[in-house]
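Written out below as structure tokens is the structure these notes cover.
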Amino acid sequence: GRDDPNRKPLGSAFVEFGNAECVKKALAGAAETPVKMAGPDGVEVEVQLKSMRDWLDSKKKPNHKRKMDGDGDAAPAGDAPPAPAEPEYEKFTLEWEKGCVVKLTGLAEGCDREAIRAAVASVSTETISSEVYVDFSRGQTDGAVRFKKPGEEVAALATALTSGEHKISGGAVGGAVVISGEEEEKYWSDFVAFKNNQRKQADRDQRDR
């Protein structure tokens, strides 16, 4: 248990009641007639009763650091040492533009990012194809191509792949469409969340070293 000013352990316990009404009655009764019991040295002490909500709220309050000059002062009974604050990592943010993402489905077995990028190069300039981000992992059957800016190349890629004019890894794709509306918003929201999870984990790994 936590220490009292005389540096003796203080006991604590939880009592579970059948319903909230019983809790209210117990707290009201203790307020009118304090509950007392024998302490560690046989000295009678008063028992402090708190609801679980009040106890949890007390844990959120900043704790006073115990003085280190040997004067015996300690943090008030009932206050828990504050948990060390977790440093805030630099969050990833993104201002995205509409009409930049082509969703791909039904990709052929053996497909990889370079094969998808080659398909982009067939309907756009080398500069544009080198700047796109291919959102795909080997072994998946679905993916996406993110262009830096909206333009005719975005729709041209979707059209060429859907018609079968261009193939990826030697096979026609099941579908290619420029996403929009809620689907587009969800795509970008999931991407931002993914990047922030990466940063958060990297920050934790750095602090654990």
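Note that our numbering numbers the sequence shown so that position 169 is 169, with each residue one more than the last. Here a beta-carbon is modelled for each residue, glycine too, at the ideal position from N, C-alpha and C.
Residue nearest to residue i in terms of C-alpha spacing, selected from the options
| i | options | result |
| --- | --- | --- |
| I128 | A156, E88, F191, E46 | A156 |
| C100 | Q206, G181, N197 | G181 |
| A193 | D142, I116, T93 | T93 |
| E97 | L49, E184, K91 | E184 |
| E114 | G106, D135, K24, A26 | D135 |
| A158 | Q48, V35, K103 | K103 |
| C111 | G174, D54, E153 | G174 |
| A108 | E90, S169, S51 | S169 |
| F191 | E95, A121, V120, T33 | E95 |
CB contact below 9 angstroms: residue i versus chain B
| i | result |
| --- | --- |
| V47 | Absence of chain B from the displayed structure is noted, only one protein chain being present. |
Limits of the unbroken beta strand (DSSP E) element including residue i
| i | result |
| --- | --- |
| V15 | Taken as a continuous stretch (DSSP letters only), V15 belongs to no beta strand (DSSP E), as it is neither H nor E. |
| E44 | 44-47 |
Backbone CA spacing between residue i and residue j [nearest angstrom]
| i | j | result |
| --- | --- | --- |
| K148 | A118 | 17 angstroms |
| A176 | D205 | 38 angstroms |
| E126 | H166 | 17 angstroms |
| V45 | A31 | 15 angstroms |
| R146 | Y133 | 5 angstroms |
| T141 | S130 | 23 angstroms |
| R66 | Q48 | With a pLDDT of 46 at R66, under the threshold of 50, the predicted position of this residue should be treated as unreliable, though the coordinate-derived value follows. The alpha-carbon atoms of R66 and Q48 are separated by roughly 22 angstroms. |
| A172 | G151 | 23 angstroms |
| K24 | K36 | 19 angstroms |
| G106 | S137 | 14 angstroms |
| A26 | R207 | 46 angstroms |
| I116 | G139 | 13 angstroms |
| G143 | Y187 | 11 angstroms |
| V15 | E88 | 37 angstroms |
| K50 | A28 | 11 angstroms |
| S189 | V178 | 17 angstroms |
| V120 | K195 | 24 angstroms |
| S122 | V154 | 12 angstroms |
| K91 | D203 | 11 angstroms |
| T33 | E21 | 18 angstroms |
Proximity test, residue i beta-carbon vs the ligand COA heavy atom, cut-off 8 angstroms
| i | result |
| --- | --- |
| Q201 | Because no ligand of any kind appears in the structure shown, any question about the ligand COA cannot be addressed here. |
inquiry  = If we require 4 or more residues per run, which alpha helix (DSSP H) segments fall completely within the segment 150-208?
reply    = 152-163, 181-208
task = Report yes or no: do the segment 151-165 and the segment 197-205 share at least 3 C-beta pairs separated by less than 8 angstroms?
result = no
query = Can you list, in chain order, the stretches of the beta strand (DSSP E) that have 3 or more residues and sit fully within the segment 91-152?
reply = 101-105, 133-135, 143-146
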